[in-house]
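Novice: According to the numbering used here, the sequence shown is numbered sequentially starting from 2.
Don't be surprised by glycine CBs; every beta carbon is placed ideally from N, CA and C.
Being a predicted model, the structure only gives us computed values, none of them experimental.
Quick one: structure below, then a few questions.
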Amino acid sequence: MNSSYVNMGVGALLATLFVLKSVSLASGFIFHTEVPEKPGFAIVATEEPAAGDKAAAPKAETPIAQLLQKADAKVGETIFKKCQACHSGEKGGPNKVGPDLWGVVDRPVGEHEGFAYSAGMKDFSKGGSEKWTYDHLYHFLAAPKKFVAGTAMGFAGLPKEEDRANVIAYLRTLADTQVPLPDPNAPAATN
């Protein structure tokens, strides 16, 4: 074998590697993306402790009627931005992945016009006799799939009860007439 052929082969290999590395570096400069200043929304999924774990007893929930007394609709509006990917909140607004939420407080469950509800939501609605009460909204926002088995809503939920109360206070403002707040001294509803 002639050494000039070996030199040409090694030269071709080195030239190919040089071109590939140059293209890689150039594309890194051209398609460079900046790290965002503020990260997007994180969907937090909580893990259930295993059956054998000896965890502390869960903190008793504060009734929604008491939480709504201190809830801030402005804070709820900010939190609601997470929901806007799937829900609109304006009067006559479009249905998206989820139904429009204008007037959702005290609206019959699974009855928003023009939206195709999941079988789980239809079962929960009991033919439209169930309504989105403050208590139902509170528990649904905590863990949608736990509260309404078979719902198509993919959101993990809002683990902080104050966040849920603030969102519900904001949802209450999305109506022509706001539904009166529940009596904070009344006994809590049971599910």
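Do LEU159 and LEU175 have their C-beta atoms within less than 8 angstroms of each other?
Specialist: No. Outside cutoff.
Novice: Once the 5 residues before and after ILE67 are set aside, which same chain residues still bring their CB inside 6 angstroms of it?
Specialist: Note that residue 67 is Gln in the sequence shown, not Ile. Closer than 6 angstroms at Cβ, skipping near neighbours: PRO185.
Novice: Report the option in ALA150, ASP177, HIS140, VAL168 whose CA atom is closest to the CA atom of ALA72.
Specialist: ALA72 has its Cα closest to that of VAL168, out of ALA150, ASP177, HIS140, VAL168.
Novice: Taking 8 angstroms as the cut-off, does the region 84–91 touch the region 110–129 (at least 3 CB pairs, one atom from each stretch)?
Specialist: Cβ pair count under 8 angstroms is below three, so no.
Novice: Does PRO145 come out as helix, strand or coil in the three-state DSSP assignment?
Specialist: In this structure, PRO145 counts as helix in the three-state DSSP scheme.
Novice: According to DSSP, what are the bridge partners of LYS75?
Specialist: None, per the DSSP bridge assignment.
Novice: I'd like the list of long-range same chain contacts for MET154, defined as Cβ closer than 6 angstroms, with 5 residues on each side in sequence excluded.
Specialist: So the list reads PRO145, once near-sequence residues are dropped.
Novice: What ranges does the alpha helix (DSSP H) occupy inside the region 143–182, keeping only unbroken runs of at least 4 residues that lie completely in it?
Specialist: Qualifying alpha helix (DSSP H) stretches, in chain order: 145–148, 162–174.
Novice: In the DSSP assignment, what are the bridge partners of LYS132?
Specialist: Paired residue(s): PRO109.
Novice: Reducing DSSP to helix, strand and coil, say where HIS137 ends up.
Specialist: Helix at HIS137.
Novice: Within its chain, find whatever has a CB closer than 7 angstroms to the CB of GLN179; leave out the 5 residues flanking it on each side and keep chain order.
Specialist: Excluding residues within five positions, the ones whose Cβ falls inside 7 angstroms are ARG173.
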